[in-house]
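Numbering (the working numbering), first residue to last: 122 to 386. Working notes for the structure below.
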């Protein structure tokens, strides 16, 4: 096993620990780990990321469900447009993107470079959300409301983004649950994990039909990430995860800048 592969599995553990500690954000590192440490093609990396993110989020969602923190009806309302969008994106949109996009002088923007740059932009947006960390909570006992047209549009946008970059999009889903469904923050974080699990795993089905999946690699990698979640959840009993979110946000920001520089150079 090469040193980069060992670092890749350490990365898988770290992704799980972050998910267990702060309830989201860790999945945004899955694609860079696959591409730069495991040397996997970006298209395949985003597919594998959907599986890892989906399984990891499902583990977290089950734990939260047992605590009574998951609002099932809200999860279904938000997940339906999102999983339709992510499945369609993985099955039809991503394969339809041409391998050669355009040239700027001597620089040729390929499909792989384009996806990594777009992914880095999403990382920058996620990092700003984590650094600011100014999500306003709603009062406990507030009546849950559904603005269906806005939820539909928001679900489609998040679904397409998830489909292209293979990340969960929790930094977009959680504020939407608080603002559009009036969920308290704790319930919004817990419910978002179930939404992410549903749309990521259904989106991955679109890839199973298009790509050859190396299950002998993907399943052990995912298992390491899930172990990381349990470690993160245990550590969260002693350290408040939200205190670490800002620091992790700066790390994601640095990674996003690194990816843009690396791909453009």
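Every residue, glycine too, gets a C-beta built ideally from N, C-alpha and C.
Shown here for residue 215: same chain residues with a beta carbon closer than 7 Å to its own, the five before and five after excluded, namely 164, 284, 285 in chain order. DSSP, read as helix, strand or coil, puts residue 230 in strand. Cβ contact annotation for residue 190 (same chain, cutoff 7 Å, sequence separation greater than five): 307, 308, 311, in chain order. For residue 199, the secondary structure class from DSSP, reduced to helix, strand or coil, is helix. Its Cα nearest to that of residue 158, the residue 133 stands out among 133, 292, 366. With a cutoff of 8 Å on beta-carbon distance, residue 360 and residue 196 are scored as not near each other. A straight-line Cα-Cα distance of about 32 Å links residue 377 and residue 270. Proximity to residue 321 across 172, 229, 180, 337 peaks at 172, based on C-alpha coordinates. Judged by their CB atoms, residue 204 and residue 319 are nearer to each other than the 8 Å cut-off. In this structure, the beta-carbon distance from residue 178 to residue 324 does not fall below 8 Å. Within 10 angstroms of the beta-carbon of residue 156 lie 16 or more other beta-carbons, which makes it buried. The continuous beta strand (DSSP E) containing residue 223 extends over residues 221-225. Between residue 279 and residue 300, the C-beta spacing is not below 8 Å. Here residue 375 is exposed: its Cβ has fewer than 16 other Cβ atoms, across all protein chains shown, within 10 Å. Residue 367 is not a Cβ neighbour of residue 272, given a cutoff of 8 Å.
Counting C-beta atoms within 10 angstroms of its own C-beta, residue 153 has 16 or more neighbours from the protein chains shown and is therefore classed as buried. Across the set 125, 168, 181, 166, the C-alpha of 181 shows the shortest separation from the C-alpha of residue 349. Looking at the backbone, the Cα of residue 313 and that of residue 227 are separated by about 43 Å. Nearest to residue 250 by C-alpha distance, out of 379, 186, 346, 371, is 371. Less than 8 Å separates the beta-carbon of residue 137 from that of residue 346. Under the three-state reduction of DSSP output, residue 358 falls in the coil class, being neither helix nor strand.
Here residue 304 carries a coil assignment [DSSP, helix/strand/coil]. DSSP places residue 189 outside both helix and strand once states are collapsed to three, so it counts as coil.
DSSP places residue 132 within a helical segment (H, G or I) once states are collapsed to three. Annotated as distal: residue 211 and residue 353, with beta-carbon spacing of 8 Å or more. Judged by DSSP in its simplified three-state form, residue 244 adopts helix. Of the candidates 174, 276, 382, 174 places its Cα closest to the Cα of residue 344.
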